[in-house]
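Contents: one structure, followed by commentary.
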């Protein structure tokens, strides 16, 4: 299928884009709990070009969803965005008023949440829920034009026009998920964040939904951030993979490099733990458990589980640096300091 | 030699409505035998609605079969009474999908382990009970002193799921029914749980029915696989044959759709030929008919029988009708142990 191009073609697509569409600058989010302050996102920097697809992976609690919510400015108390900026298409979202932010959601940046299919209102027809978004964002558009636009959006995700008049319970899980994607792309946002969009679906439907996202993304030229812990899905879908651990990026690499020669020891362990057809019966989990955000180990947060731990890792936190073209890693194995 | 568990032409039909006869066949004429002396891991795979959870519920005796018999050590499980029933309850254990909701948040996790010990009177005294708990936790790769006395919220999903396995193990089961045990656990922890299950089979002689939609994990843990679609067996055999050389159009679709974590094996090399079906297609014939790219006339009147393709592989599809037919009762012969 032509929507799933080979890697070489994907990389040439990236080459054409010049201007960053999404920039995160030192984004920091904390949750204030009774037991103390948990830094769920610890100064994250990220730049993405138009049409790029980034996969964000990490264990539960590593800050993936927090990052998505922070970008949408949907962090609720006891959580707070402490500092940092989210720039989408030259607009700093963190500087917008609440009113302007409401308009920016869906038109500049949209979010397809985990288990999105359960977010549809069961007593409203699908059409009414799409129209709702249109009315909020483009109230001046004539009604029949709005409706035509909604139906085009449904058709672009492979749904028939009659879905517009149906109730959510009349649709299968995969169809509901595609309705949510249709809502997400209704206003042609620059950035689409999909938080485990297929975790509740079975493999066949999952492939169809992912191919839908892929096709739509190409049509509107949006940047996609796919959040999940299914590395298989990442291998099939994204251009770049970012590995998160305890609210920090450990490594960002092009998908090919990430799978064939991962750099960070955590990324290496993650890739090694994947089942494939060659290593039947070999189970390689990652030893140890992820630390609590309330009591992070000093230095590199991964050092207690790291097989290559050095003295410096216990004392100082490694900077997140470029070590090869297009690849960044936060590990002293790759930085000057370790060598001296 | 009596089998540990024998399913004989088991069907389960759910009917809806008092007057109208709307019914859904969740499981259609399934036969399967597990032998006591050769513990094995059998995967039952299929998408949602394929009847795999119905199968688990039937085997655990939670629901009754509409037709056919499930025989445990020579006795129909619906006819088990008194002590025999307790033995069945003890020897057939389950691990469910969600490691979060099975714990009562008000009790420490030892509660989950100590209740079955008390109920089945497995320990003579407190010390004995504690030792059994420790032994089971160690067997699943946990440190007892790190776990006992903790509350569920203090443990990770992977740890909790292993405690569930330990709970089953405390009872010295003969058969473990694992219904999607790793689907809600982080990918990085799946490997450890699968390893734990495999150890159970190897070191404790427990047979495992591993129910999943994830064929990658199935391939790694199981010896044999049965692929279900809407209650019918589509393909069965050894995991190596079925997953590496799938034959039935449905199995091929399933395997092609797996997002392999392998950068050199990508989606798109094989196009999805079968599309999502409408919700209401319940033909008398092959259940996969509406989605099948190779649908033929003869698929309509009745579901195709299994055709044996090799010693350890058979597919229920008329595409293979040049091969010898296999009665559904013979399914077990296809499954290597």
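Protein chains in written order, with the working numbering: chain X, 1 to 340; chain Z, 341 to 677. Even glycine gets a Cβ: it sits at the ideal position worked out from N, Cα and C. Only a predicted model underlies this, so the values are computations on that prediction, with no experimental measurement involved.
Sheet register partners of residue i (DSSP bridge)
i                      : result
residue 342 of chain Z : DSSP lists no partner for residue 342 of chain Z.
residue 432 of chain Z : Z/515
residue 502 of chain Z : Residue 502 of chain Z is not bridged to any residue.
residue 49 of chain X  : X/20
residue 550 of chain Z : Z/383 and Z/518
residue 92 of chain X  : X/87
residue 540 of chain Z : Note: residue 540 of chain Z sits in no beta bridge, so no partner.
residue 249 of chain X : X/244
residue 254 of chain X : X/240
residue 33 of chain X  : X/36
residue 311 of chain X : Answer is none; residue 311 of chain X lacks a bridge partner.
residue 55 of chain X  : X/226 and X/241
Under 7 Å from the C-beta of residue i: neighbouring residues of chain X
i                      : result
residue 410 of chain Z : Going along chain X, no residue has its Cβ under 7 Å from residue 410 of chain Z, so there is no contact; the nearest lies around 26 Å.
residue 553 of chain Z : 202 and 203
residue 593 of chain Z : 204
Pair within 9 Å by beta-carbon distance, residue i and residue j
i                      : j                      : result
residue 654 of chain Z : residue 558 of chain Z : no
residue 373 of chain Z : residue 551 of chain Z : no
residue 439 of chain Z : residue 510 of chain Z : no
residue 633 of chain Z : residue 652 of chain Z : no
residue 130 of chain X : residue 183 of chain X : yes
residue 601 of chain Z : residue 39 of chain X  : no
residue 560 of chain Z : residue 388 of chain Z : no
residue 187 of chain X : residue 87 of chain X  : no
residue 512 of chain Z : residue 430 of chain Z : yes
Interface partners of residue i on chain X, CB under 9 Å
i                      : result
residue 663 of chain Z : Within 9 Å Cβ-Cβ: nothing; residue 663 of chain Z doesn't reach chain X, min ~25 Å.
residue 497 of chain Z : 60
residue 378 of chain Z : Residues of chain X passing the Cβ test: none, with the nearest at roughly 18 Å.
residue 477 of chain Z : Ordered by position in chain X, no residue passes the 9 Å Cβ test against residue 477 of chain Z, which lies about 15 Å from the chain.
Partner residues on chain X for residue i, Cβ-Cβ distance less than 8 Å
i                      : result
residue 559 of chain Z : 275, 277 and 280
residue 532 of chain Z : 283 and 285
residue 387 of chain Z : 202, 203, 204 and 205
Residue i at chain X interface by Cβ criterion, 9 Å
i                      : result
residue 535 of chain Z : yes
residue 606 of chain Z : yes
residue 374 of chain Z : no
residue 633 of chain Z : no
residue 501 of chain Z : no
residue 416 of chain Z : no
residue 596 of chain Z : yes
residue 556 of chain Z : yes
residue 538 of chain Z : yes
residue 488 of chain Z : no
residue 583 of chain Z : yes
residue 353 of chain Z : no
residue 367 of chain Z : no
residue 511 of chain Z : no
is_contact[residue i, chain Z] using C-beta, thresh 9 Å
i                      : result
residue 290 of chain X : yes
residue 115 of chain X : no
residue 52 of chain X  : no
residue 67 of chain X  : no
residue 247 of chain X : no
residue 24 of chain X  : no
residue 244 of chain X : no
residue 112 of chain X : no
Interface partners of residue i on chain Z, CB under 7 Å
i                      : result
residue 267 of chain X : Going along chain Z, no residue has its Cβ under 7 Å from residue 267 of chain X, so there is no contact; the nearest lies around 11 Å.
residue 255 of chain X : 603
residue 229 of chain X : 526 and 527
residue 79 of chain X  : Those do not exist, as residue 79 of chain X stays about 19 Å from chain Z at its closest Cβ, beyond 7 Å.
Environment of residue i [buried if 16+ CB atoms lie within 10 Å]
i                      : result
residue 2 of chain X   : Because residue 2 of chain X carries a pLDDT of 42, less than 50, the predicted location of this residue cannot be relied on, and the following value inherits that uncertainty. Under this definition residue 2 of chain X is an exposed residue.
residue 211 of chain X : buried
residue 282 of chain X : exposed
residue 493 of chain Z : exposed
residue 428 of chain Z : buried
residue 346 of chain Z : buried
residue 273 of chain X : buried
residue 140 of chain X : exposed
residue 162 of chain X : exposed
residue 363 of chain Z : exposed
residue 95 of chain X  : exposed
residue 353 of chain X : Lying before the first or after the last residue shown, residue 353 of chain X is absent from chain X, which here runs from 1 to 340.
residue 202 of chain X : buried
residue 33 of chain X  : exposed
Neighbouring residues, chain Z, relative to residue i (Cβ below 8 Å)
i                      : result
residue 235 of chain X : 599, 600, 601, 602, 603 and 606
Listed by chain order, chain Z residues near residue i by CB distance under 9 Å
i                      : result
residue 259 of chain X : 601, 602, 603 and 604
residue 63 of chain X  : In chain order: nothing, as chain Z lies at least about 14 Å away.
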